[in-house]
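So the sequence shown is residues 0 to 111, counted in numbering that gives the first Met the number 0.
Just so it is clear, CB atoms sit at the ideal spot from N, CA and C, and this is done for glycine as well.
Here is the structure we will look at, set down as structure tokens.
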Amino acid sequence: MADCLFCRIVRREIPAQIVHEDEQALVFKDISPQAPTHLLIVPKKHLGSLLDASDDDRALLGHLQRVACLLAGAGRMSSFRLVTNNGKGAGQSVDHLHYHLLAGRPMQWPPG
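Here it is as structure tokens:
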């Protein structure tokens, strides 16, 4: 999608502090961190939200979670939260599926 913020970051049209990249995903630091570690895990394929994923995206969705695990392990995070917001009412501010990897502080429950 041409005007999508995260698609533009994937295409390097907008700068970001990238910490990981592979064929399917890009991971970068959130510009407004909510924890000492706050990374955004973004599929390179544009999906507006989790509801836009199809059966064909099963492997991609699993890959995104695996990337979160690899980054948590590499960062020696014994505790972390992996969150995706779906829709404006849930706090989704960019219409591109993404996961927030949060760590480095105690997390409260319920979160919202």
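- Annotated three-state conformation of ARG57 is helix, per DSSP.
- Under the three-state reduction of DSSP, ARG80 is assigned to strand.
- In the assembly as shown, ALA58 is an exposed residue. Its beta-carbon has fewer than 16 other beta-carbons within 10 Å.
- Between LEU25 and ILE17, the C-beta gap is smaller than 8 Å, which places the two residues in contact.
- Per DSSP, LEU100 is one residue of the beta strand (DSSP E) stretching across 98 to 102.
- A check of alpha carbon separations from ASP21 across ASP2, THR83 and LYS44 identifies LYS44 as the nearest.
- Under a 10 Å Cβ-count criterion, PRO105 is classified as exposed, with fewer than 16 other Cβ atoms of the shown protein chains found around its own Cβ.
- In summary, LEU50 is exposed, with fewer than 16 beta-carbon neighbours lying within 10 Å of its beta-carbon over all protein chains present.
- When the alpha-carbon of HIS99 is set against those of HIS37, ALA71, SER78 and ASN85, the nearest one is in HIS37.
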